[in-house]
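To start, the structure itself, in C-alpha cells.
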Amino acid sequence: MLSPIRTRQGIVIREIPELVLDPTRKPASNIAFISHPHSDHHPSNIKRGTQLIASRSTFNIIAYKLKTVLSFLETLETDRYSLIQVPSGHMHGSTSAVIRDNETGETLIYSGDINDRERFGLKGYESRKADVLIIEATYGHPRYLFPDTEELMFQAYETIENLKRIGRRVLIHTYSLGKAQILLKSPIAELIDGIHPQIHTYNRLFSPEDFIPPEIPVKSTIDEQGVFLVPKKPSRNNWSNVANVYFTGWALNSYRTKSYSFPLSDHADFHGLLEIVKKTDPEKVYTIYGYHREFAKELRKWGYNAESLEINQSKIDSF
Ligand SMILES: [Zn+2]
C-alpha cells in the first residue's frame, strides 16, 4: 500500500520519491505539489524552474512570494502514477492531491488544509473514496465544533454594523491570504470602508475563476471612523476609539473582553473531519498537523486503521 513519510522537508510517498507534497524546505527534487500558499505549506525558497503542481491561484501567489520563475502543472501523469487536484475548500484556489498508483490501482489523497463547509460561494471539500488518506487535524479534538456559518455571520454582521453606527474605528484583523478573501465574499464586505494594501496585492494574484475581489477602496492609512480589513498583525498603533474584530476557529477558546471574536474557521471542525474520513472510507488514515495524535486516537475508537504521521528525522534523499 502507498506509504507516506513526513520529514522536515515535506511529505513524500515512499513509492514515488521524486514528488514532494507541501515541501517545507527547499525540495531536492524538481516536482512539488503545493496545496495552498499559507507559509506552513511551502518552503521559503525553491529552485528556479521547479515544476509546481498547484491551482493557478496558488501558483501565482507562490511565484510572487518566493520571487522565482516556476513551471506550472495542473496534473501529472507518469508511467508509474498520476496526480490530479480537487478543491479542498480551505481557501480560494486551495486543493487536495489525488494520487493513483498505476501498477496497483491504489489511490491516496493528501488533503492539505481542508474544509467541508461552503462559505459564501466557496464550495466545501467533496469527499471521494481512496485507499489511503492523509488528513489534516488542526481541529481534530472533540472540543472543536463550530456553529452554523450563517448564524455566526449574522451575529458578526450585527456587531460590526452597530460598532460602525456608533462611530467606532473597527479593525477586522485577518490573514491576508484565505480569510480575507472569504470575508470579502461574505455579507460583511458591504460594511467595509477600506482594505489594507497587502490584502489588495494578494487579491489581484488570484485567478478570476477562483476569486474576483469586490471594489472597495484601498487604504494605507486608517480613518478615524469606519470598518477596515487589515492583516492579522498590523504595526503597533495607539489609536483611540478602536474596536478589534477577529474571525478564527480558536475563538472557541478565548474569552477576550476588549475585542470581538467569531469562530469562523477555514478548517473542518472535529465533526467535519470525521465525516470526511467516513466518506473517504480508507483502509489506512494518516493524520497530520494540529491535534493529529488525538484525532488518530479518536479514529481508532471508530475502528479505523489510523496513525499520526510523525516527522521522521531522515532526509527525503534517503528514500
Ligand atoms: Zn492553510
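The sequence shown begins at 106 in this note's numbering and counts up one residue at a time.
Glycine included, C-beta positions come from ideal geometry on N, C-alpha and C.
Original post:
Any heavy atom of ligand 1 within a distance shorter than 7 Å of the CB on residue 141?
Top reply: The beta carbon of residue 141 sits closer than 7 Å to at least one heavy atom of ligand 1.
Subject >> Nearest neighbour of residue 136, chosen from 162, 179, 274 [CA to CA] >> reply: Of 162, 179, 274, the residue nearest in Cα terms is 179.
Original post:
When you compare only the Cα positions, how much space is there between residue 234 and residue 212?
Top reply: Rounded to the nearest angstrom, the two C-alpha atoms are 8 Å apart.
**OP:** Look at residue 308 and residue 318 and say whether their C-beta atoms are less than 8 Å apart.
**Re:** Yes, the pair counts as a contact, with Cβ atoms nearer than the cut-off.
Original post:
In terms of residues, what are the limits of the beta strand (DSSP E) holding residue 349?
Top reply: If you look at residue 349, you'll find it in the beta strand (DSSP E) that goes 347-352.
**OP:** Decide if residue 328 is buried, meaning its Cβ has at least 16 other Cβ atoms within 10 Å, or exposed.
**Re:** Exposure of residue 328 is indicated by the presence of fewer than 16 other C-beta atoms within 10 angstroms of its C-beta.
Subject >> Option nearest residue 115 by Cα separation, candidates 249, 161, 129 >> reply: Check the Cα spacing between residue 115 and each of 249, 161, 129: the tightest is with 129.
**OP:** Identify whether residue 334 lies in helix, strand or coil by the three-state DSSP scheme.
**Re:** Here residue 334 sits in strand by DSSP.
**OP:** Could you spell out the range, first to last residue, of the alpha helix (DSSP H) harbouring residue 305?
**Re:** For residue 305, the uninterrupted alpha helix (DSSP H) segment begins and ends at 302-308.
Original post:
Quick one: what's residue 314 bridged to in DSSP?
Top reply: In the DSSP output, where bridge partners are listed per residue, residue 314 has none listed.
Original post:
Just to confirm, are residue 387 and residue 188 a CB contact at a threshold of 8 Å?
Top reply: Not in contact: residue 387 and residue 188 (Cβ atoms no closer than 8 Å).
Original post:
Going along the chain, which residues of its own chain have a beta-carbon closer than 6 Å to the beta-carbon of residue 370, five neighbours each way excluded?
Top reply: Cβ neighbours of residue 370 beyond the five flanking positions: 251, 354.
Original post:
When the Cα atoms are used, what is the spatial distance from residue 265 to residue 415?
Top reply: So the alpha carbons of these two residues sit roughly 42 Å apart.
Original post:
So residue 404 is in the alpha helix (DSSP H); what residue range does that whole segment cover?
Top reply: For residue 404, the enclosing alpha helix (DSSP H) begins and ends at 397-406.
**OP:** Please state whether DSSP places residue 118 in a helix, a strand or coil.
**Re:** Strand.
Original post:
By Cβ distance, which residues of its chain are closer than 6 Å to residue 286, with the 5 residues on each side in sequence left out?
Top reply: So the list reads 197, 316, once near-sequence residues are dropped.
**OP:** Please find out if some non-hydrogen atom of ligand 1 comes closer than 7 Å to the beta-carbon of residue 218.
**Re:** Flag set: Cβ of residue 218 near ligand 1.
Original post:
Can you name the start and end residues of the beta strand (DSSP E) that residue 265 belongs to?
Top reply: Premise fails: residue 265 lies in the alpha helix (DSSP H), 254-270, not in any beta strand (DSSP E).
Original post:
By how many angstroms is the C-alpha of residue 163 removed from the C-alpha of residue 177?
Top reply: Approximately 10 Å, taken between the alpha carbons.
Original post:
For residue 195, is the beta carbon positioned less than 7 Å from some heavy atom of ligand 1?
Top reply: Residue 195 has its CB nearer than 7 Å to a heavy atom of ligand 1.
**OP:** Please name the residue or residues paired with residue 145 in a DSSP beta bridge.
**Re:** Note: residue 145 sits in no beta bridge, so no partner.
Original post:
Quick one: is the Cβ of residue 146 within less than 7 Å of any heavy atom of ligand 1?
Top reply: Checking every heavy atom of ligand 1 against the Cβ of residue 146, one is found closer than 7 Å.
**OP:** Excluding the 5 residues preceding and the 5 following residue 138 in the sequence, name in chain order all residues of the same chain whose CB lies nearer than 6 Å to its CB.
**Re:** Sequence-distant Cβ neighbours of residue 138 in its own chain, meaning closer than 6 Å and more than five residues away, are 126, 158, 202.
**OP:** May I have the straight-line CA-CA distance separating residue 288 from residue 232, to the nearest angstrom?
**Re:** Each residue's CA atom was taken as its position, placing residue 288 and residue 232 some 25 Å apart.
Subject >> Distance CB(residue 242)-CB(residue 392) smaller than 8 Å >> reply: Yes, they are a contact pair.
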